Amino acid sequence: MAGLLIGRKVVITGGGAGIGLSTARKLVREGAAVALLDLDGSAAIAAAKELQKEGGKAFGVAADVTDAASMDRAIAAASEALGGIDGLFNNAGIAGFGTVHESTPESWQRIWAVNVTGTFLASRAVLPQMIAQGRGAIVNVGSVAGVIGIPGMAAYCAAKGAVVNLTRQMAVEYAKYGVRVNSVSPGTIAETAMGKSLLGSDTSEEAMNKRLAKYPIGRFGRPEEIADAVVFLLSDAASFCVGSNLAVDGGMTAI
Ligand code: NAI
Ligand code: 1HS
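FYI, this note's numbering numbers position 146 of the sequence shown as 146, with every residue one higher than the one before it.
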């Protein structure tokens, strides 16, 4: 792929690291300007500088997706820096472990706040602009955990399930305004901070093989493999994709 997103202006939440940053790199290579919003403001600013050095147009700013005022401010700043917004990648997310009877209300609420409310607040902040211009594309990040039940991940499975179905709701609501909404649902991406914490400290061959057995492809995923799917969904190559949930999981949910 090359030049799929020339002139596009895309906001990425959680853009300072992991899948968000990897996607920002690919978007820039495809010709887009990007705004990286992250709770870790210095990571977002450093990442934007790195992309600028590579010749890209990039802007970094601190923002908390769980806070409406913070999101409104950051989206306004991003729109000014980029000269508008026509793409949003709702990527910020946190995982967490716990069964229903063992999870604390605080941990449950935090996982929902970042994954679900965060997707709502960022979308809420960009949609008026997209509706007014009659054009836009939003990609939300679900997970394999959003379509199947994974033992020990109650809040995360519930939250990602909500993101996947919010995607469908938004898709049918905004298609008439020329705004396409889709989600991408990754399997385990081992090399990001979240992937590492998910795999935990037990990296014995036995433990790894047990996890890998869930993946028909025989390996975990790479951030760039999610980034390619997001580039596609944000681009006009996906002009008839509305409300889809693209599994990028090495076959994990096809079993
Ligand atoms: P990561 O932990 O490496 O990066 C997440 C980024 O989001 C960080 O830069 C973090 O500072 C930022 N962030 C966290 N809370 C935030 C908040 N309240 N406001 C703004 N930014 C915030 O995670 P990774 O692996 O890159 O994951 C990205 C997305 O992909 C998440 O939604 C995650 O649930 C999803 N995902 C990840 C998988 C994996 O195995 N790594 C698999 C399936 C889905
Ligand atoms: C954190 C990410 O959304 C993946 S949850 C899947 C964990 S596993 O089934 O691959 O162990």
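Where a beta carbon is used, it is the ideal one built from N, C-alpha and C, also for glycine. Computed from a prediction, not measured in an experiment: that's the story for all the values here.
Spatial distance of residue i from residue j (CA atoms)
{"i": "residue 38", "j": "residue 74", "result": "10 Å"}
{"i": "residue 15", "j": "residue 36", "result": "5 Å"}
{"i": "residue 256", "j": "residue 59", "result": "Lying outside 1 to 255, the shown extent of the chain, residue 256 is not represented and no answer is given."}
{"i": "residue 208", "j": "residue 185", "result": "21 Å"}
{"i": "residue 194", "j": "residue 94", "result": "7 Å"}
{"i": "residue 80", "j": "residue 204", "result": "49 Å"}
{"i": "residue 162", "j": "residue 114", "result": "12 Å"}
{"i": "residue 72", "j": "residue 202", "result": "41 Å"}
{"i": "residue 117", "j": "residue 183", "result": "16 Å"}
{"i": "residue 247", "j": "residue 191", "result": "19 Å"}
{"i": "residue 200", "j": "residue 42", "result": "26 Å"}
{"i": "residue 7", "j": "residue 145", "result": "34 Å"}
{"i": "residue 216", "j": "residue 152", "result": "22 Å"}
{"i": "residue 167", "j": "residue 179", "result": "12 Å"}
{"i": "residue 3", "j": "residue 51", "result": "16 Å"}
{"i": "residue 133", "j": "residue 210", "result": "49 Å"}
{"i": "residue 123", "j": "residue 87", "result": "10 Å"}
{"i": "residue 245", "j": "residue 53", "result": "34 Å"}
{"i": "residue 96", "j": "residue 214", "result": "20 Å"}
{"i": "residue 169", "j": "residue 121", "result": "15 Å"}
{"i": "residue 198", "j": "residue 206", "result": "16 Å"}
8 Å contact criterion, which residue i and residue j should meet: CB distance rounded
{"i": "residue 27", "j": "residue 231", "result": "6 Å"}
{"i": "residue 187", "j": "residue 142", "result": "Rounded, the Cβ-Cβ distance is 11 Å, inconsistent with contact."}
{"i": "residue 90", "j": "residue 66", "result": "Going by Cβ atoms, the distance from residue 90 to residue 66 rounds to 13 Å, so no, they are not a contact pair."}
{"i": "residue 181", "j": "residue 174", "result": "6 Å"}
{"i": "residue 78", "j": "residue 62", "result": "About 12 Å; that fails the 8 Å criterion."}
Proximal residues to residue i (C-beta, below 7 Å), its chain only, five neighbours per side dropped
{"i": "residue 148", "result": "253"}
{"i": "residue 154", "result": "98, 99, 100 and 103"}
{"i": "residue 125", "result": "71, 72 and 75"}
{"i": "residue 218", "result": "212"}
Cβ shell of residue i (< 6 Å), same chain only, five flanking positions each side left out
{"i": "residue 33", "result": "9, 57 and 82"}
{"i": "residue 171", "result": "181, 242 and 243"}
{"i": "residue 220", "result": "188 and 190"}
The ligand ADP heavy atom lying under 8 Å from the CB of residue i
{"i": "residue 254", "result": "This structure does not include the ligand ADP; its bound ligands are the ligand NAI and the ligand 1HS."}
Contact set for residue i: own chain, Cβ-Cβ below 8 Å, skip 5 residues either direction
{"i": "residue 85", "result": "9, 10, 11, 35, 75, 78, 79, 126, 129, 130 and 136"}
{"i": "residue 40", "result": "16, 17 and 62"}
{"i": "residue 196", "result": "190"}
Practice problem: Evaluate contact between the segment 137-153 and the segment 231-244, counting only Cβ atoms and requiring at least three cross-stretch pairs below 8 Å. | Solution: yes
Quiz item: Do the segment 156-171 and the segment 104-116 make contact, defined as three or more Cβ pairs closer than 8 Å?
Solution: yes
Quiz item: Does the segment 217-228 come close enough to the segment 16-26 that 3 or more CB-CB pairs lie under 8 Å?
Solution: yes
Quiz prompt | Ranges of the alpha helix (DSSP H) found wholly within the segment 124-185, counting only runs of at least 4 | solution = 154-174
Quiz item: Whole alpha helix (DSSP H) runs in the segment 3-58 with 4 or more residues, listed along the chain?
Solution: 18-29 and 41-53
Quiz prompt | alpha helix (DSSP H) runs wholly inside the segment 58-92, at least 4 long, in chain order | solution = 68-82
Quiz prompt | Every unbroken alpha helix (DSSP H) inside the segment 192-239 [4 residues or more] | solution = 193-199, 205-212 and 223-234
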